[in-house]
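K.L.:
Numbering (the working numbering), first residue to last: 40 to 213.
All C-beta atoms in this analysis are idealised placements derived from N, C-alpha and C, irrespective of residue type, glycine included.
Below you'll find the structure I mean.
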């Protein structure tokens, strides 16, 4: 017959036997330390941005033959999300439209220097989930519920990102 003390000892021994490989260390609860990286590799959108980041950064480094690939990815991405969102001007569609327009702006040779802006922006989006385009778009009257103020602008640009959301803790009108 086991008493509660014996049962506790028995369970304690079973735990010690099960964790013998810990060499006498006390089991510790697993803690998730916050990371600045937000790699959203389970989403199609993230993979579009990864490929765009690679081709665009190689373009900036002088391999201009990859720029049409970057444009193609931008068009496919825009069509994908426009179809998914049934033609509604959601923030997702607006971000991709703005991105494509910025890329088209850089086609003339005197504007090639501006490619570094979307190159850095896509890299920030891929690594940190920080989308500068989304944060600029939220300032448009059609996309916000709050009045435009310096406090709102600060919130739009300085709110830390969270995974899987283009705008973080900012009330959207769309």
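#1: Under a three-way DSSP split, which group does residue 127 fall into?
#2: Just the Cα atoms here: how many angstroms apart are residue 143 and residue 83?
#3: Just to confirm, is the Cβ distance from residue 176 to residue 133 under 8 Å?
#4: Select from 200, 157, 127 the residue whose C-alpha is nearest the C-alpha of residue 182.
#5: Do the CB positions of residue 179 and residue 192 come within less than 8 Å of each other?
#6: What are the boundary residues of the alpha helix (DSSP H) that residue 160 is part of?
#7: Quick one, are the C-beta atoms of residue 165 and residue 89 less than 8 Å apart?
#8: How many angstroms separate the CA atom of residue 194 from the CA atom of residue 92?
#9: Let me confirm a value: residue 154 is counted as buried when at least 16 other C-beta atoms fall within 10 Å, else exposed. Which label applies?
#10: For residue 112 versus residue 94, is the C-beta distance shorter than 8 Å?
#11: Measure the alpha-carbon distance for residue 80 versus residue 168 and round it to whole angstroms.
#12: Roughly how many angstroms lie between the CA atoms of residue 197 and residue 160, to the nearest whole one?
#13: Given this structure, state the Cα-to-Cα distance separating residue 152 from residue 85, to the nearest angstrom.
#14: Find the nearest neighbour of residue 109 within the set 135, 124, 171, judged by alpha-carbon distance.
#15: What does a CB cutoff of less than 8 Å around residue 158 pick up in its chain, not counting 5 residues either side in sequence?
#16: Determine the closest residue to residue 118 out of 187, 138, 148, with distance taken between C-alpha atoms.
#17: Look at the alpha carbon of residue 171 and the alpha carbon of residue 200, and state the distance between them as a whole number of angstroms.
P.N.:
In brief:
#1: Taking the first residue of the chain shown as 1, we reach residue 127 at position 88. In the three-state reduction of the DSSP assignment, residue 127 falls in the coil class, being assigned neither a helical nor a strand state.
#2: Numbered from 1 along the chain shown, position 104 holds the residue referred to as residue 143. Numbered from 1 along the chain shown, position 44 holds the residue referred to as residue 83. Using only the alpha carbons, I get a separation of about 23 Å.
#3: Counting from one through the chain shown, the residue named residue 176 turns up at place 137. Counting from one through the chain shown, the residue named residue 133 turns up at place 94. Yes; because the gap between Cβ atoms is below 8 Å, this pair is in contact.
#4: Here the question's residue 182 lines up with position 143 in the chain shown. Per the Cα distances, 127.
#5: By 1-based counting over the chain shown, the position of residue 179 is 140. By 1-based counting over the chain shown, the position of residue 192 is 153. For the 8 Å CB-CB criterion, residue 179 and residue 192 do not form a contact.
#6: On the chain shown, position 121 is the one that residue 160 refers to. Boundaries of the alpha helix (DSSP H) harbouring residue 160: 155-167, taken from the DSSP string.
#7: By one-based count along the chain shown, residue 165 stands at place 126. By one-based count along the chain shown, residue 89 stands at place 50. Cβ atoms of residue 165 and residue 89: closer than 8 Å.
#8: For this step, residue 194 is matched to residue 155 along the chain shown. For this step, residue 92 is matched to residue 53 along the chain shown. Cα to Cα, the separation comes out at about 26 Å.
#9: Taking the chain shown and counting its residues from 1, the one referred to as residue 154 is at position 115. Buried, because 16 or more other Cβ atoms sit within 10 Å of the Cβ of residue 154.
#10: As a position in the chain shown, residue 112 is number 73, starting the count at 1. As a position in the chain shown, residue 94 is number 55, starting the count at 1. In this structure, residue 112 sits near residue 94, with a CB-CB distance shorter than 8 Å.
#11: The residue given as residue 80 occupies position 41 in the chain shown. The residue given as residue 168 occupies position 129 in the chain shown. A straight line joining the alpha-carbon of residue 80 with that of residue 168 spans about 11 Å.
#12: Counted from its first residue, the chain shown places residue 197 at position 158. Counted from its first residue, the chain shown places residue 160 at position 121. Spanning the alpha carbons of residue 197 and residue 160 requires a straight line of approximately 15 Å.
#13: As a working mapping, residue 152 is identified with position 113 in the chain shown. As a working mapping, residue 85 is identified with position 46 in the chain shown. Between the alpha carbons of residue 152 and residue 85 lies a distance of about 25 Å.
#14: Walking along the chain shown from the start, residue 109 turns up at place 70. Ranked by Cα distance from residue 109, the options 135, 124, 171 are led by 135.
#15: Numbered from 1 along the chain shown, position 119 holds the residue referred to as residue 158. Shown here for residue 158: same chain residues with a beta carbon closer than 8 Å to its own, the five before and five after excluded, namely 92, 95, 96, 98, 99 in chain order.
#16: Taking the chain shown and counting its residues from 1, the one referred to as residue 118 is at position 79. Looking at the Cα atoms, 138 is the closest of the given residues.
#17: For the purposes of this step, residue 171 is identified with residue 132 of the chain shown, where counting begins at 1. For the purposes of this step, residue 200 is identified with residue 161 of the chain shown, where counting begins at 1. In a straight line, the C-alpha of residue 171 is about 11 Å away from that of residue 200.
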